[in-house]
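Heads up, the thing below is written out as structure tokens.
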Amino acid sequence: MNTSVAHPARRYNYWLGGKDHFAADRESGDLLAKAFPTARVAALENREFLRRTVKFLADSGIRQFLDIGTGLPVPDNTHEIAQRVAPESRVLYVDNDPIVMTHSRALTIGTPEGRTGYVEADLRSPEAILDHAELRSVLDLTEPVALLLVAVLHFLHDDAQAITVVRRLLDALPSGSYLVASNLTLDFAPPEQVAKHEELLASGRTDARARDKSEFARFFDTLELVEPGIVAASDWRPAHDERPTAQDVAIYGAVGRKP
Ligand SMILES: C[S@@+](CC[C@H](N)C(=O)[O-])C[C@H]1O[C@@H](n2cnc3c(N)ncnc32)[C@H](O)[C@@H]1O
Numbered sequence: 212m213n214t215s216v217a218h219p220a221r222r223y224n225y226w227l228g229g230k231d232h233f234a235a236d237r238e239s240g241d242l243l244a245k246a247f248p249t250a251r252v253a254a255l256e257n258r259e260f261l262r263r264t265v266k267f268l269a270d271s272g273i274r275q276f277l278d279i280g281t282g283l284p285v286p287d288n289t290h291e292i293a294q295r296v297a298p299e300s301r302v303l304y305v306d307n308d309p310i311v312m313t314h315s316r317a318l319t320i321g322t323p324e325g326r327t328g329y330v331e332a333d334l335r336s337p338e339a340i341l342d343h344a345e346l347r348s349v350l351d352l353t354e355p356v357a358l359l360l361v362a363v364l365h366f367l368h369d370d371a372q373a374i375t376v377v378r379r380l381l382d383a384l385p386s387g388s389y390l391v392a393s394n395l396t397l398d399f400a401p402p403e404q405v406a407k408h409e410e411l412l413a414s415g416r417t418d419a420r421a422r423d424k425s426e427f428a429r430f431f432d433t434l435e436l437v438e439p440g441i442v443a444a445s446d447w448r449p450a451h452d453e454r455p456t457a458q459d460v461a462i463y464g465a466v467g468r469k470p
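As structure tokens, then:
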């Protein structure tokens, strides 16, 4: 593991106020927060989106979750949210950061009735995820599954690759399954922030590729969008009237159901 290079999971953990980060992650986090002062707000709102969508799906009867791009453990992880609604819920976590692996024990302690598992793998290799013995032992792919790709698709810069990966994963899931996704967007950003982001991306100082609404919508092409459709993550069935603006959050979020 190379801790001298910033990694998304640790930088995100830094923004969320966690303890699992190194100097390179903090430097990168501070650099991006200087260019985008609401980066921390965006991280927190993204996490709230994940919480609300998992609760919504658990309340709707979904009992299986495939959470790819898990991130480091935080107080409310997917299995805790789902198992609070239904203790028998099963969750498979997947991340490509070895540091998340070292925390996987915290992610795999669930209810006795449910199951949680952890696989270290890359979203770019969906077959390796789908064929993994741990996935097959935790999830039953003949029953609906919620596929969570929350704040991870923007690390796949190539649209064709990202779409292929999402389709391959959805193809393996039965009717009644769901996709939950969020992605950085500059649709609400003023031109100077768009220019700043492009400069940072071109120089390799940020690794997140923003998508506009039509680019993000393509992930849901084969699905029925759940109300309110594609909106800023903070505006997806919000818990509070007072919340950051779409410009501050700069992340699209949506939930789709496989017909
Ligand atoms: C910003 S965090 C999001 C964590 C969580 N999904 C959330 O929204 O709170 C992105 C996570 O995706 C993981 N990640 C980035 N690229 C990945 C890839 N190609 N395959 C698997 N995981 C990846 C990172 O290690 C990190 O844990």
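Numbering-wise (this note's numbering), the sequence shown opens with residue 212 and increments by one.
For each residue, glycine too, the CB sits at the ideal point set by N, CA and C.
Quick caveat: nothing in here was measured; it's all calculated off a predicted structure.
{"Item": "Reference Ile279; option with closest CA among Glu403, Ala246, Ser336", "Value": "Ser336"}
{"Item": "Element boundaries [beta strand (DSSP E), containing Phe276]", "Value": "275-279"}
{"Item": "Within 8 angstroms, strictly: CB atoms of Ile320 and Ala332", "Value": "no"}
{"Item": "In chain order, each alpha helix (DSSP H) run of at least 4 residues that lies wholly inside the stretch 277-344", "Value": "289-296, 309-313, 315-318, 337-341"}
{"Item": "Exposure label - Asn257; buried when at least 16 CB within 10 Å", "Value": "buried"}
{"Item": "Buried versus exposed, by CB contacts within 10 Å (16 or more), Ser388", "Value": "buried"}
{"Item": "Environment of Pro248 [buried if 16+ CB atoms lie within 10 Å]", "Value": "exposed"}
{"Item": "Per-residue burial, Asn213 [other beta carbons within 10 Å of its own, 16 or more giving buried]", "Value": "exposed"}
{"Item": "Within 8 angstroms, strictly: CB atoms of Leu359 and Phe276", "Value": "yes"}
{"Item": "Straight-line gap, Val356 to Ala269 (C-alpha atoms, nearest Å)", "Value": "11 angstroms"}
{"Item": "C-beta atoms of Tyr304 and Leu318 nearer than 8 angstroms", "Value": "yes"}
{"Item": "Segment contact, 8 angstroms Cβ cut-off, at least three pairs: the stretch 217-228 with the stretch 392-405", "Value": "no"}
{"Item": "Paired residues, beta bridge with Glu435 - DSSP", "Value": "Arg468"}
{"Item": "Residue from Leu434, Thr456, Phe233, Ala428 with nearest C-alpha to Pro470", "Value": "Leu434"}
{"Item": "C-alpha gap between Arg251 and Trp226, whole angstroms", "Value": "5 angstroms"}
{"Item": "Per-residue DSSP class, three states only, for Asn213", "Value": "coil"}
{"Item": "Range covered by the alpha helix (DSSP H) that runs through Leu358", "Value": "No alpha helix (DSSP H) holds Leu358; the beta strand (DSSP E) holding it covers 357-361."}
{"Item": "Within the stretch 339-419, ranges of the beta strand (DSSP E) (whole runs, at least 3 residues)", "Value": "357-361, 389-395"}
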